[in-house]
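K.L.:
Quick mapping for you: the protein sequence lines, in order, are chains B and C. Start counting the first sequence at 1; every next residue gets the next number (my numbering). Start counting the second sequence at 81; every next residue gets the next number (my numbering). Built from N, CA and C at the ideal position, the CB exists for glycine as well.
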Amino acid sequence: MPTAVTPEAVEKVIFAGVEEIGAEGEITRDAAFEDLDLDSLDLVELAQIVEDEFGVELDGDAVKDVKTIGDVIDLVVARA
Amino acid sequence: MISAPAAQPAAAAHGERARSVVVTGAGAVTPLGVGAGTLISRWAAGECGIEDGLGRCDEFEPTDFLSRKEARRADRFTQLALVAADEALAAAGWDDGVPHDPERVGSVIGTGIGGIGSLTEQEGIRRERGAKAVSPLGVPLLMGNAAAGAVAMRAGLRGPSFGVISACAAGAHSIGQAMRMIQSGEADAVVTGGSEAALEPIAIDAFAAMGATSETGISRPFDARRDGFVMGEGAGVLVLEAADAAAERGAEPLGELLGYAATSDAYHLTAPEPSGRDAIRAIRLALEDAGVGPEDVAYVNAHGTSTPLNDASETEAIKAALGERAADVPVSSTKSAIGHLLGAAGAVEAIATLGALRRGIAPPTVGWEVRDPELDLDYVPGEARELDADDGRLVAISNSFGFGGHNAVLCLAATSGAPGE
Chain B
1 MPTAVTPEAV EKVIFAGVEE IGAEGEITRD AAFEDLDLDS LDLVELAQIV EDEFGVELDG
61 DAVKDVKTIG DVIDLVVARA
Chain C
81 MISAPAAQPA AAAHGERARS VVVTGAGAVT PLGVGAGTLI SRWAAGECGI EDGLGRCDEF
141 EPTDFLSRKE ARRADRFTQL ALVAADEALA AAGWDDGVPH DPERVGSVIG TGIGGIGSLT
201 EQEGIRRERG AKAVSPLGVP LLMGNAAAGA VAMRAGLRGP SFGVISACAA GAHSIGQAMR
261 MIQSGEADAV VTGGSEAALE PIAIDAFAAM GATSETGISR PFDARRDGFV MGEGAGVLVL
321 EAADAAAERG AEPLGELLGY AATSDAYHLT APEPSGRDAI RAIRLALEDA GVGPEDVAYV
381 NAHGTSTPLN DASETEAIKA ALGERAADVP VSSTKSAIGH LLGAAGAVEA IATLGALRRG
441 IAPPTVGWEV RDPELDLDYV PGEARELDAD DGRLVAISNS FGFGGHNAVL CLAATSGAPG
501 E
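(1) If we call anything under 9 Å between Cβ atoms a contact, is C:Cys137 one with C:Thr110?
(2) Apart from the five residues just before and just after B:Leu46, which ones in its own chain have a Cβ nearer than 6 Å to its Cβ?
(3) Cβ closer than 7 Å: which chain B residues qualify as neighbours of C:Ser121?
(4) Give me the Cβ distance between C:His180 and C:Ala325, rounded to the nearest whole Å; I'm assuming they're in contact under 8 Å.
(5) Can at least three beta-carbon pairs, one atom from the segment 381-398 of chain C and one from the segment 312-321 of chain C, be found at a separation below 8 Å?
(6) Starting from the beta carbon of C:Arg206, find every residue of chain B whose beta carbon is closer than 9 Å, and list them in chain order.
(7) Indicate whether at least one CB of chain B lies closer than 9 Å to the CB of C:Lys415.
(8) For a test of the three-state rule: what should DSSP assign to C:His420, helix, strand or coil?
(9) Does the distance from the C-beta atom of C:Gly173 to that of C:Gly273 stay below 9 Å?
(10) Relative to the ligand NAD, is the shortest distance from any of its heavy atoms to the C-beta of C:Leu320 smaller than 8 Å?
(11) DSSP three-state call for C:His348: helix, strand or coil?
(12) Which residue from C:Ala277, C:Glu295 and C:Gly339 puts its Cα closest to that of C:Arg99?
(13) List the residues of chain C whose Cβ lies closer than 9 Å to the Cβ of B:Gly22, in chain order.
(14) Any idea if B:Pro2 is buried or exposed, counting beta-carbon neighbours within 10 angstroms, 16 or more meaning buried?
(15) Within a Cβ cutoff of 8 Å, which residues of the same chain sit near C:Ile245, ignoring the five residues on either side of it in sequence?
(16) Please confirm if B:Leu41 has its CB atom under 9 Å from at least one CB of chain C.
(17) Output needed for B:Ala9: all residues of its chain with C-beta closer than 7 Å, excluding positions within five of it in sequence on either side, in chain order.
(18) Can you check whether the CB of C:Gly426 is closer than 9 Å to the CB of C:Ile255?
(19) Look up C:Asp458 in the DSSP assignment and say whether it is helix, strand or coil.
(20) Could you check if C:Thr296 is buried or exposed, using at least 16 other CB atoms within 10 Å of its CB as the buried criterion?
(21) Report yes if the C-beta distance between C:Cys248 and C:Val446 is below 9 Å; otherwise report no.
(22) Mind checking whether C:Val270 and C:Met259 have CB atoms under 9 Å apart?
(23) Using DSSP with H/G/I as helix, E/B as strand and the rest coil, what is C:Glu183?
(24) From the DSSP output, in three-state form, read off C:Ala247 for me.
(25) Note down, in chain order, each residue of its chain lying with its Cβ closer than 8 Å to the Cβ of C:Leu222, except the 5 sequence neighbours on either side.
(26) Could you check what DSSP says for C:Ser264 in three-state terms: helix, strand or coil?
(27) How many Å lie between C:Ala304 and C:Ser416 at the Cα?
(28) Please confirm whether B:Gly25 and B:Ala31 have their CB atoms less than 9 Å apart.
(29) Assuming C:Asn509 is part of the alpha helix (DSSP H), what are its boundary residues?
(30) What would DSSP say about C:Arg300, mapped onto helix, strand or coil?
(31) Closest Cβ-Cβ distance between B:Asp61 and chain E: below 9 Å?
(32) Can you grab the Cα-Cα spacing for the pair B:Asp42 / C:Val411, in whole Å?
(33) Can you tell me whether C:Asp132 is buried or exposed, with buried defined as 16 or more other CB within 10 angstroms of its CB?
(34) In the DSSP assignment, what residue or residues form a beta bridge with C:Arg451?
(35) Let me check understanding here. Comparing Cα to Cα, which of C:Ile441, C:Thr104 and C:Asp468 lies closest to C:Asp268?
(36) Which of the residues in the segment 214-239 of chain C, read from start to end, lie with their CB under 7 Å from any CB of chain B?
Put into structure tokens, the structure is as follows:
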């Protein structure tokens with residue numbers, strides 16, 4: 001059973017996921033993926049974590065314009 | 081008795097003697113610990129890093145050396161190579177950057193199998209959770225060239241970079257290939273070696289199924305009781321530089337890579353060709369390439385796997401290739417102390433050979449006790465032995481043979497009593 005999607009729940013999972021992936025630097029909503037040294041491979045991993053947890057699918061097109069952690073959180077919440 | 085084939089014409093194909101190649105740095109992670117110095121010190125003392133029938137690098141913790149992200153993006157075989165390369169680069173005095181045009185510095189790292197741990201892990205995830213759960217890092221983790229790519233990226237080496245795959249000869253082939261790249265003028269320096277992390281159930285079971293590995297879990301090369309090899313993991317990396325380029329920057333070489341040769345049995349998937357024809361030829365050609373004769377060889381670092389077949393055929397090959405010198409030259413196997421590191425073996429053993437020459441010793445074949453009546457060389461039982469060095473300069477060969485009939489032999493030289501040893 002997927003976890004219910006709330007902005008708080010999504011933020012928690014994504015912050016933990018980004019840390020697990022090995023982000024360099026402080027993880028905040030405003031942090032840009034580039035500044036955290038995260039690339040497209042990391043974004044695919046993050047999308048897998050999100051789908052496992054919330055059942056929300058983020059395909060390549062959906063994430064191609066995201067810049068910050070907050071962008072992804074908003075995208076997941078909007079798609080739930 | 082093996083009949084000696086006629087010697088090939090000397091390696092005068094190079095015309096004048098080819099550009100000399102020196103070793104300016106070495107690094108190793110082995111079952112005896114992290115560090116090339118640790119390897120040679122502990123082996124020379126007769127210690128063995130094998131436990132419960134496997135040579136694991138128990139002391140190796142990747143995140144002691146790599147960031148979490150670097151470690152996540154590297155299979156264990158790549159992690160081992162990165163750490164060995166860091167040590168080698170630091171030893172060469174490259175820790176502040178590449179002292180040559182980076183476009184003329186290569187990275188050639190061999191492996192027998194590559195990222196098999198990552199492959200089996202991702203296959204498990206795929207079976208359990210489906211295709212969409214497979215990691216986007218799957219391919220870059222498992223690919224056999226991952227170590228070469230990672231070392232090039234970490235050190236900023238922009239010359240030729242690739243992996244070499246030749247089972248248990250991959251480490252030696254890599255070093256030989258790197259030597260040729262420098263001699264041909266394609267590169268001024270190459271970071272090269274081999275890495276392996278295949279202590280996975282599938283690989284352990286597959287080697288056991290073919291009867292290659294020891295049922296007793298004991299690596300005792302050349303001993304009458306030997307019953308197969310003991311699998312190990314690890315990495316060895318050397319910095320090779322053109323002697324002129326090294327001299328120009330004032331580097332103090334650890335030793336010289338004098339010669340190399342590679343041949344193929346073209347006979348059987350796994351068994352050595354019975355006459356030793358091509359193993360003999362590899363040893364002879366490596367000596368010719370080095371410009372030395374059998375009488376110059378002070379030490380033989382054998383492939384010495386501890387399998388009944390290899391150790392018998394290698395003994396015959398050494399005798400045929402070295403002639404009268406074979407009866408007197410000390411022959412020992414690093415695998416007695418660390419097991420068989422497969423694609424890393426040739427590189428780790430080249431490093432161990434250089435370390436031995438620099439200390440002026442032949443380290444022992446650890447655990448050798450019972451003579452096989454067919455194997456009559458001096459396998460250095462018991463403890464390390466001092467080598468005779470008239471002028472301090474010592475020459476050795478290091479043999480590597482791989483499933484598939486691959487033979488690769490390196491000829492190395494170093495000055496004993498060198499500083500730092």
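P.N.:
In brief:
(1) Contact check for C:Cys137 against C:Thr110 passes: the beta carbons are separated by less than 9 Å.
(2) Closer than 6 Å at Cβ, skipping near neighbours: Gly17.
(3) In chain order: nothing, as chain B lies at least about 35 Å away.
(4) About 6 Å separates the two Cβ atoms, so the contact holds.
(5) Cβ pair count under 8 Å is below three, so no.
(6) The contacting residues do not exist; C:Arg206 stays about 13 Å from chain B at best.
(7) No, no contact with chain B.
(8) Note: C:His420 maps to strand in three-state DSSP.
(9) If you check the CB distance, C:Gly173 and C:Gly273 do not come in under 9 Å.
(10) This structure simply doesn't include the ligand NAD, nor any ligand for that matter.
(11) C:His348 sits in coil when the DSSP states are folded into three classes, being neither helix nor strand.
(12) If we check each option's Cα against that of C:Arg99, C:Gly339 comes out closest.
(13) Result: Ser147, Arg148, Lys149, Glu150, Ala151, Arg152 and Arg153.
(14) Exposed.
(15) So the qualifying residues of the chain are Gly190, Thr191, Gly192, Gly194, Gly224 and Gly423.
(16) Answer yes: the Cβ-Cβ gap between B:Leu41 and chain C drops below 9 Å somewhere.
(17) Sequence-distant Cβ neighbours of B:Ala9 in its own chain, meaning closer than 7 Å and more than five residues away, are Thr3.
(18) A Cβ-Cβ contact shorter than 9 Å links C:Ile255 with C:Gly426.
(19) C:Asp458: strand per DSSP, three-state reduction.
(20) Around the Cβ of C:Thr296, a 10 Å sphere holds fewer than 16 other Cβ atoms; the residue is exposed.
(21) Taking 9 Å as the Cβ cut-off, C:Cys248 and C:Val446 do not qualify as a contacting pair.
(22) Taking 9 Å as the cut-off, the Cβ atoms of C:Val270 and C:Met259 count as close.
(23) It is helical.
(24) Helix, per DSSP.
(25) Result list for C:Leu222: Asp155, Gly194, Gly195, Ile196, Ser198, Leu199 and Gln202, in chain order.
(26) Residue state, collapsed to three classes: coil.
(27) So the alpha carbons of these two residues sit roughly 14 Å apart.
(28) Their beta carbons are under 9 Å apart, which means B:Gly25 touches B:Ala31 by this criterion.
(29) Chain C is shown from 81 up to 501; residue 509 of chain C falls before or after that span and cannot be answered.
(30) Three-state result, C:Arg300: coil.
(31) Of the chains in the structure shown, none is chain E; the protein chains are B and C.
(32) Between the alpha carbons of B:Asp42 and C:Val411 lies a distance of about 50 Å.
(33) With a 10 Å radius around the Cβ and a threshold of 16 neighbouring Cβ atoms, C:Asp132 comes out exposed.
(34) Partner(s): C:Asp303.
(35) Looking at the Cα atoms, C:Thr104 is the closest of the given residues.
(36) Taking a C-beta cut-off of 7 Å against chain B, the contacting residues of the segment 214-239 of chain C are Ser215, Pro216 and Leu217, listed in chain order.
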